[in-house]
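Asks: Numbering of the sequence shown is given in my numbering, commencing with residue 303 and proceeding in unit increments.
Sharing a structure here in structure tokens format.
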Amino acid sequence: MEIINREEKAEVLKSTKPVVVLKLIILFGICAAILSGLFYFQSTSFATGKPYEMEVGGYVIYPGKTTVSDLAEAGFELSDYSSLYKDTYDITSEAEAKTRYTMVSVVKEEEPYADIEIINDSSNKKQLGDCLISAVSIDVKKNYKNMDTLKIKSLGLMGITPEKMSEAMNKVGKESEYKSYSDTSPTGTIYTWRSRNYSMNIIISNEGNLLRIESKYKDN
Numbered sequence: 303m304e305i306i307n308r309e310e311k312a313e314v315l316k317s318t319k320p321v322v323v324l325k326l327i328i329l330f331g332i333c334a335a336i337l338s339g340l341f342y343f344q345s346t347s348f349a350t351g352k353p354y355e356m357e358v359g360g361y362v363i364y365p366g367k368t369t370v371s372d373l374a375e376a377g378f379e380l381s382d383y384s385s386l387y388k389d390t391y392d393i394t395s396e397a398e399a400k401t402r403y404t405m406v407s408v409v410k411e412e413e414p415y416a417d418i419e420i421i422n423d424s425s426n427k428k429q430l431g432d433c434l435i436s437a438v439s440i441d442v443k444k445n446y447k448n449m450d451t452l453k454i455k456s457l458g459l460m461g462i463t464p465e466k467m468s469e470a471m472n473k474v475g476k477e478s479e480y481k482s483y484s485d486t487s488p489t490g491t492i493y494t495w496r497s498r499n500y501s502m503n504i505i506i507s508n509e510g511n512l513l514r515i516e517s518k519y520k521d522n
């Protein structure tokens, strides 16, 4: 067993102290960086809210996050009813600055899956493919391809058919993590959920049938 006298021991402790302090500084720095990142993520999420996603044709659209190019990569094209969904938009074309495009349909093999709004909220022109999907909607008056498989996970609606929507609304109102309110109209009841910059509207007819669903990013 090696014997170290007090003076030698003091020298050893003195020489190792800076190393320990340096390690502690590095450790505290890493912890601070992690905590800072978590705080930024949480505060950003709180400030902007959570998008109400809608799954159409097996693909989940997040208004305010999903881009036109994302839809194209998933095999969808953009069209409208005026051409009976036969003519499609060129997503490499330029979108004007501060412009919103409405009544655009998401199609695949000339079959409509949903309607969307596209927004270029920047101060410059940019390719249509780089623009955000600002809203996605389903209108029962149109014969969409995916009506019986529509899913809205954030509201707990999983593959609910239009006829059963009214039965699900009571459950949704009680179990949804989002605050909701309802309003009446001549055609039925409008259920609205809001999460900061995001909103979801579901309109149910007086007979209890689904009329329209719309998930939106920003109202203006």
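Glycine included, each C-beta is placed from N, C-alpha and C at the ideal position.
On a predicted model such as this, the values are computed, not experimentally measured, just so you know.
Check for me: the alpha helix (DSSP H) holding D392 runs from which residue to which?
Replies: Neither: D392 is in no alpha helix (DSSP H) and is coded neither H nor E.
Asks: By the DSSP assignment, the alpha helix (DSSP H) with V442 in it spans what residues?
Replies: Unbroken run through V442: none, as it is neither H nor E.
Asks: In whole angstroms, give me the CA-to-CA distance for Y403 and A437.
Replies: Whole-angstrom Cα-Cα distance: 10 Å.
Asks: Using the rule of at least 16 other Cβ atoms within 10 Å of the residue's Cβ for burial, across every protein chain shown, is L386 buried or exposed?
Replies: So L386 counts as exposed.
Asks: Cβ of S439 versus every heavy atom of the ligand NAD: is any distance shorter than 8 Å?
Replies: The ligand NAD is not part of the structure shown, which contains no ligands of any sort.
Asks: Is the distance from the Cβ of E516 to the Cβ of K455 below 9 Å?
Replies: It is not a contact, given that the beta carbons lie outside the stated cut-off.
Asks: Once you ignore the five residues that flank S439 on each side, which residues in its own chain have a CB closer than 6 Å to its CB?
Replies: The answer, listed in chain order, is D417 and E516.
Asks: Please state whether the Cβ-Cβ distance between F378 and K410 is less than 9 Å.
Replies: Result yes, Cβ atoms of F378 and K410 sit closer than 9 Å.
Asks: Kindly indicate which three-state DSSP category Y403 falls into: helix, strand or coil?
Replies: Correct three-state label for Y403: strand.
Asks: Which word fits Q425, buried or exposed, when buried means at least 16 other C-beta atoms lie within 10 angstroms of its C-beta?
Replies: Reading off the sequence shown, one finds Ser at residue 425, where the question assumed Gln. The residue is exposed, with fewer than 16 neighbouring Cβ atoms inside 10 Å.
Asks: Using the Cα positions of N448 and V408, report the straight-line distance between them to the nearest angstrom.
Replies: So the alpha carbons of these two residues sit roughly 11 Å apart.
Asks: From the DSSP output, in three-state form, read off Y383 for me.
Replies: It is helical.
Asks: Do you know offhand how far T491's Cα is from D441's?
Replies: Their backbone Cα atoms lie some 15 Å apart in a straight line.
Asks: Might you give, ordered along the chain, the residues of its own chain that have their beta carbon closer than 7 Å to the beta carbon of D432, omitting 5 neighbours on each side?
Replies: Excluding residues within five positions, the ones whose Cβ falls inside 7 Å are T369 and S371.
Asks: Assign M405 to buried or exposed, taking buried as 16 or more other Cβ atoms, counted over all protein chains shown, within 10 Å of its Cβ.
Replies: With fewer than 16 Cβ atoms within 10 Å of its Cβ, M405 is classed as exposed.
Asks: Have a look at I506, L380 and K444 and flag the residue whose alpha-carbon is nearest the alpha-carbon of T390.
Replies: Comparing Cα-Cα distances from T390 to each of I506, L380 and K444, the minimum goes to L380.
Asks: Please return the same chain residues whose Cβ sits closer than 6 Å to the Cβ of I504, not counting the five positions on each side in sequence.
Replies: If we look at I504 and ignore the five residues flanking it on each side, its Cβ neighbours are Y493 and I515.
Asks: What number of angstroms, rounded off, separates the C-alpha of N499 from the C-alpha of I363?
Replies: One C-alpha to the other measures close to 16 Å.
Asks: Are L430 and A397 touching if we call contact CB-CB under 9 Å?
Replies: For L430 and A397, yes; Cβs fall inside 9 Å.
Asks: When the distance is taken between beta carbons, is L434 closer than 9 Å to G510?
Replies: Not a contact, by the Cβ cut-off of 9 Å.
Asks: Taking 9 Å as the threshold (C-beta atoms), are P353 and S545 in contact?
Replies: Here the chain has residues from 303 to 522 only, and residue 545 is not among them.
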